[in-house]
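Accompanying notes for the structure given below.
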Amino acid sequence: MNLTIIADNRERASGILVLLAEKGVRVMMKQMAVGDYMIDGDMVIERKKSADFVQSILTKIVMFIFVLKRNYKWFVMGQV
Numbered sequence: 012m013n014l015t016i017i018a019d020n021r022e023r024a025s026g027i028l029v030l031l032a033e034k035g036v037r038v039m040m041k042q043m044a045v046g047d048y049m050i051d052g053d054m055v056i057e058r059k060k061s062a063d064f065v066q067s068i069l070t071k072i073v074m075f076i077f078v079l080k081r082n083y084k085w086f087v088m089g090q091v
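Going letter by letter, the sequence shown gives residues 12 to 91 in the numbering used here.
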């Protein structure tokens with residue numbers, strides 16, 4: 012496989028780097044400003060544990076509601 016992935020140097024303990032190396036993927040380490048892994052410079056992956064993922068979603072929803080309440084007297088939020 013001729014693939015190189017750039018991994019954030021804080022991801023060393025995740026175990027993912029070993030799995031990638033076993034599959035023949037070349038991994039380069041560097042401190043990334045955004046994301047945990049970058050593929051071909053075009054795709055960034057942010058790895059999150061389940062609880063962190065849910066918390067991120069809830070935080071974004073709360074911030075979105077705050078902005079709506081600050082800017083509008085009434086708003087409706089629902090699932091389509």
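Backbone N, C-alpha and C fix where the C-beta goes; we use that ideal spot for every residue, glycine too. The model shown is predicted, which means the values in this text are computed figures rather than measured ones.
Setting aside the 5 residues that flank it on each side, Leu31 is surrounded in the same chain by Ile16 and Val38, each with a C-beta closer than 7 Å to its C-beta; the list follows chain order.
Around the CB of Met54, fewer than 16 other CB atoms lie within 10 Å, so the residue is classed as exposed. Short of 7 Å from the beta carbon of Ile56, and not among the five residues preceding or following it, lie these beta carbons of its own chain, in chain order: Gly46, Asp47 and Tyr48. Relative to the Cα of Asn20, the nearest Cα in the group Phe77, Ile68 and Lys41 belongs to Lys41.
The three-state reading of DSSP puts Met43 in coil, since its state is none of H, G, I, E or B.
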